[in-house]
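What follows is a single structure, written as structure tokens, with notes after it.
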Amino acid sequence: MTGKHEATPPSPRARRSWRDRFCATPVRPGRSAAVRERLADESEPERQRHNADLERAAARIVVVDFSLVPVLARSADYSRHLAGLTDGGWADPESVLTDRIRRQAVLYDPAKTVEILVGESALRYPPCPPQIRRAQSARLTALLCLRRVRLGIIPLNAELPTITEHGYSMFDDQVVVDINHTEVTITDPADVALYERITTALWRSALKADAARALLRRTGR
7 MTGKHEATPP SPRARRSWRD RFCATPVRPG RSAAVRERLA DESEPERQRH
57 NADLERAAAR IVVVDFSLVP VLARSADYSR HLAGLTDGGW ADPESVLTDR
107 IRRQAVLYDP AKTVEILVGE SALRYPPCPP QIRRAQSARL TALLCLRRVR
157 LGIIPLNAEL PTITEHGYSM FDDQVVVDIN HTEVTITDPA DVALYERITT
207 ALWRSALKAD AARALLRRTG R
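Sequence positions in the sequence shown follow my numbering and run 7 to 227.
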């Protein structure tokens, strides 16, 4: 006996048992048609065009993020600073930044409603120097004046009625989740309904209007 242990792959039955016991939502047949991974070799400009197409086509856009200010609400300097932190960099960063700024035109489209939920954590722990943080807070304050934009800030001391383990965007009846290396699109109605419930619950903890404006003044100091 050598003392070494050879790993034995679990049987399909064992994998199903583990999945049913520990997964919150069992994998349903056909789910692969509803959840599509966009592979990491896709260039950033292509992802920008894809997201811009979704935003132009949607009547309702919802963006939720606790770690970063969402693209639609970013100042140019905030976006430019983030580009410098991107692993590997972009081949043409200025082109990407220009495309991101152009995407913000949907904020002024009278045919759309846009909901943006940002965690105060994205403003208190920003990946940028103070002067950029202040300008970003001013940008968010300006968005509070737009009729078609519903902006909410979830304060650090809020007792949340629910949790989300990641940020996400909703375009009518689909959800897009950005992760470090790729993007996942969700169209299964039951899953989209889950994100709707999470969003509705988070709005109950968000500061809006004058309360949000006061918080942004504090974070912009």
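Ideal Cβ positions, reconstructed from N, Cα and C, are used throughout, including at glycine.
Quick check on residue i: buried or exposed, where buried means 16 or more other Cβ atoms within 10 Å of its Cβ?
i	result
Thr193	exposed
Ser143	buried
Cys134	buried
Leu91	exposed
Asp71	buried
Pro195	exposed
Leu60	buried
Ala215	exposed
Thr31	Low confidence applies to Thr31: its pLDDT is 45, below 50, so where it sits in the model is not reliable, and the reading given next is rough at best. So Thr31 counts as exposed.
Arg80	buried
Thr14	Any reading at Thr14 must be qualified, since the residue scores a pLDDT of 47, below 50, and its modelled position is unreliable; the value itself is stated next. Thr14 comes out exposed.
Return the Cβ separation of residue i and residue j in integer angstroms, given the expectation that the two are a contact with Cβ distance under 8 Å.
i	j	result
Phe177	Ala89	Their Cβ separation, rounded to whole angstroms, is 24 Å, which puts Phe177 and Ala89 out of contact at 8 Å.
Ile159	Leu221	5 Å
Can you tell me the Cα-Cα spacing of residue i and residue j, whole angstroms?
i	j	result
Arg109	Val190	20 Å
Ile204	Val102	31 Å
Ser73	Gly173	8 Å
Ala128	Arg153	24 Å
Ile185	Ala217	31 Å
Lys118	Ile67	8 Å
Val69	Pro136	24 Å
Ser85	Leu213	24 Å
Thr104	Pro116	22 Å
Arg219	Pro76	18 Å
Ala58	Arg106	8 Å
Gln54	Ser175	14 Å
Gly226	Val112	25 Å
Glu121	Ile169	18 Å
Thr188	His87	21 Å
His56	Ser211	31 Å
Glu52	Arg62	15 Å
Tyr114	Glu202	23 Å
Cys151	Glu100	28 Å
Between the options, which has its C-alpha nearest residue i's C-alpha?
i	options	result
Glu171	Val183, Asp179, Ile160, Leu113	Val183
Pro167	Leu129, Arg154, Trp209	Trp209
Pro165	Val120, Ala207, His187, Arg55	Note that residue 165 corresponds to Glu in the displayed sequence, not to Pro. The option with the nearest alpha carbon to Glu165 is Ala207.
Leu200	Asp179, Thr119, Gly125	Asp179
Asp83	Arg223, Glu61, Arg140	Arg140
Asp197	Thr188, Val181, Leu123	Val181
Pro161	Cys151, His187, Tyr131, Ala148	Tyr131
Asn163	Glu126, Arg156, His187	Glu126
Arg223	Val155, Val124, Leu146, Arg156	Leu146
Val124	Glu100, Arg62, Arg156	Arg156
Leu149	Leu78, Glu52, Glu100	Leu78
Next item on the list: Let me know the alpha helix (DSSP H) ranges lying completely inside the segment 164–215, each 4 residues or longer, listed in chain order.
Entry: Those alpha helix (DSSP H) runs which fall completely within the segment 164–215 and span 4+ residues are 195–209.
Margin query: Ignoring anything shorter than 4 residues, give me the alpha helix (DSSP H) runs that lie fully in the segment 75–142, in order along the chain.
Written below: Fully enclosed alpha helix (DSSP H) runs of 4 or longer: 82–91, 99–109, 127–130.
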